[in-house]
Amino acid sequence: MKSSQRSRRMARNHRRMAQPAKLNLVALMDIFTILVLFLIVNNGDVEVLQADRRVSLPQSVSELRPQAAAIITVTETDILLDERRVSTVAAALEASTDTLPGLQQALLEAAARQPTSLTQDHALGRPVVIMGDRATPYALLKRIMATCAASDYRDVSLAVNHTAAPPPGAQLAMREAGP
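Residue numbers (our numbering): 506 to 684.
And the structure:
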C-alpha cells in the first residue's frame with residue numbers, strides 16, 4: 506500500500522524531531538568572554554583607603570578618585586603617617602609653630618624613600634591624602650596642611666566617604682526651604 510504525501514511528511518518530521526537536541530555553545534561562550542573582559546577592565550575603578558575605626562569620615566559627592574599617595578590619618582589622640590604614629594593631637598594643637606616637626610620629619614623620610622618624577626613632582630609637589638575625623642579641629646587641619654606644604658607635599662587630598670549626589674531639583678528645594 507502506498508503512503509499518502511501527508512503520512513510521509515509526518516514520518517519525516519517525527520524522525521527529525523526524535524533526534525536529541527544539540528546545544529550551540531558558541532554564542533554562550535562569546536557572552537561569557539565579554540562578561541569576563543568587562544569585569545577585568547572595571548575591576549580597578551574603585552580605590553578603597555583603609556579607614557581606621559577611630560576615624561569617622563565626612564560625606565562628599567566628589568567624582569574624583571584618590572591617587573596612590575602617603576596617607577596622614579588623624580584620630581582623636583594621634584597623628585599617623587602610613588599607620589605609623591608621628592605625633593599626638595594634643596602636642597600638635599599646643600605647638601607654637603605652624604608646622605609640626607614630627608610629621609615634617611616623617612614626610613621628609615618618606616620622600617627620600619620614594620623615587621621622584623622630576624617634572625610632575627616639582628610642579629605639583631608630592632601627593633598626600635589626609636584622612637581626618639569629621640570632628641577634627643580646623644586649626645589642626647591647617648597645621649597639618651602647612652607641614653605638608655613645607656615638606657613639598659603640595660598635592661593635598663582630603664579623604665571622605667562618597668555619597669550619591671542629590672538630584673538638582675532636590676538641591677533647589679533644600680535652598681528654598683531654608684535652615
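Cβ coordinates follow ideal geometry from the N, Cα and C atoms, glycine included.
Residue 636 counts as buried, since no fewer than 16 other beta carbons sit within 10 angstroms of its beta carbon. Counting only residues of its own chain and dropping the five nearest sequence neighbours on each side, residue 601 has no CB closer than 8 Å to any other CB. Our two residues, residue 514 and residue 538, have alpha carbons roughly 42 Å apart in a direct line. Excluding its 5 nearest sequence neighbours in each direction, residue 609 has C-beta neighbours in its own chain below 7 Å: 652, 655, 656, listed in chain order. For residue 538, the enclosing alpha helix (DSSP H) stretches over residues 530 to 546. Under DSSP, residue 576 takes part in a beta bridge, and its partners are 634. Excluding the 5 residues flanking it on each side, residue 661 has same chain C-beta neighbours closer than 7 Å at 633, 635, 650, 653, in chain order. Inter-residue distance for residue 638 and residue 597 is about 15 Å (C-alpha atoms, whole angstroms).
Note on geometry: alpha-carbon atoms of residue 576 and residue 543 lie some 31 Å from one another. DSSP places residue 639 outside both helix and strand once states are collapsed to three, so it counts as coil. Taking C-beta atoms under 8 Å as the contact rule, residue 648 and residue 630 fail to qualify, at a distance of about 17 Å. Residue 586 sits in a strand when the DSSP states are folded into three classes. For residue 652, the three-state secondary structure derived from DSSP is helix. When DSSP states are grouped into helix, strand and coil, residue 605 belongs to the coil group. Less than 8 Å divides the Cβ of residue 585 from the Cβ of residue 578. Of the residues 604, 618, 532, 619, the one whose Cα lies closest to the Cα of residue 646 is 604. Taken through DSSP and simplified to helix, strand or coil, residue 509 comes out as coil.
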